[in-house]
Amino acid sequence: DAMVIQNPRYQVTQFGKPVTLSCSQTLNHNVMYWYQQKSSQAPKLLFHYYDKDFNNEADTPDNFQSRRPNTSFCFLDIRSPGLGDAAMYLCATSRVGQTGEAFFGQGTRLTVV
Amino acid sequence: GESVGLHLPTLSVQEGDNSIINCAYSNSASDYFIWYKQESGKGPQFIIDIRSNMDKRQGQRVTVLLNKTVKHLSLQIAATQPGDSAVYFCAENTGGFKTIFGAGTRLFVKA
């Protein structure tokens, strides 16, 4: 039944060691998002793809990159994780024209040691 | 600047009572307002949305009210159940792809 699937659910990485988080969707939505959510805070949009068009938020650090090889998959790459990057990372999808209703995955909780 | 905020960080209600969660927003250009529910360890889940040309919308046990004059949004949950315990976020969308989340209200339901 899962429509937006994130892997892994928990990820531990070393300070400065590149890490990739994965997201896949079975909804065939053309918009995919990555959000960062720190403890007791609201999700913060990092970037989104509309089909293959990549849109970065102005305040997203260069340390965060994304790839979307096809409609179903999207990856979040953190090139050099710092302690401040420890958070829940949420992937979401939506249909064009219904951007208010986004479907979220379960998230990947990233720990940086 | 754009911002969406909530009046109360926590709300505690008795099971069976109605819950009202409030939210203030500042961007008068927002076209869409959305309520999400986030349970512990899970991603946010869409509850209900309302367009800026409406002032009320009802769903199953939930009602969203929008007052554009004072830039206020509320979520009413009827007959609150233990399964409603979660963090509730209001969010706004200006019609593009950017949805801005508010700070969240944690709802506790007492049995």
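Heads up: the protein sequence lines correspond to chains B and E, in order. Just so you know, the first sequence maps onto residues 90 to 202 in this note's numbering. Just so you know, the second sequence maps onto residues 547 to 657 in this note's numbering. All C-beta atoms in this analysis are idealised placements derived from N, C-alpha and C, irrespective of residue type, glycine included.
> In the structure shown, what three-state DSSP assignment does aspartate 595/E receive?
Replying inline: In this structure, aspartate 595/E counts as strand in the three-state DSSP scheme.
> Using CA coordinates, which residue listed in Lys106/B, Ala176/B, Phe164/B and Arg198/B is at the minimum distance from serine 60/B?
Replying inline: Residue 60/B lies beyond the range of chain B shown here (90 to 202); nothing can be said about it.
> Are the C-beta atoms of valine 120/B and some chain E residue less than 8 Å apart?
Replying inline: It does; some Cβ of chain E falls within 8 Å.
> Is DSSP giving aspartate 140/B helix, strand or coil here?
Replying inline: coil
> List, in order along the chain, the chain E residues whose C-beta lies closer than 8 Å to that of asparagine 117/B?
Replying inline: Simply none; closest approach about 17 Å.
> Do we get a CB-CB distance below 8 Å when we pair tyrosine 634/E with the residues of chain B?
Replying inline: Tyrosine 634/E does not count as touching chain B.
>> On the criterion of 16 or more Cβ atoms from any shown chain inside 10 Å, does leucine 619/E qualify as buried, or is it exposed?
In response: Label assigned to leucine 619/E: buried.
> If you check the beta carbons only, do proline 107/B and aspartate 174/B fall under 8 Å apart?
Replying inline: no
> CB-CB under 8 Å to lysine 614/E, same chain, minus the five flanking residues each way: which ones, in chain order?
Replying inline: Ser574, Ser598 and Asp601
> Taking the beta strand (DSSP E) that leucine 557/E falls in, what are its first and last residues?
Replying inline: 556–560
> Taking 8 Å as the CB-CB limit, is glutamine 195/B close to chain E?
Replying inline: Glutamine 195/B counts as touching chain E.
> Assuming phenylalanine 579/E contacts aspartate 595/E under a Cβ cut-off of 8 Å, what Cβ separation, rounded to an integer in Å, is found between them?
Replying inline: By a beta-carbon distance limit of 8 Å, phenylalanine 579/E contacts aspartate 595/E. Their separation comes to about 6 Å.
> In terms of DSSP beta bridges, what is lysine 127/B paired with?
Replying inline: Looking at the DSSP assignment, lysine 127/B forms no beta bridge with any residue, so it has no partner.
> Among Ser576/E, Ser572/E, Asp630/E and Ser558/E, which residue has its Cα nearest to the Cα of tyrosine 582/E?
Replying inline: Asp630/E
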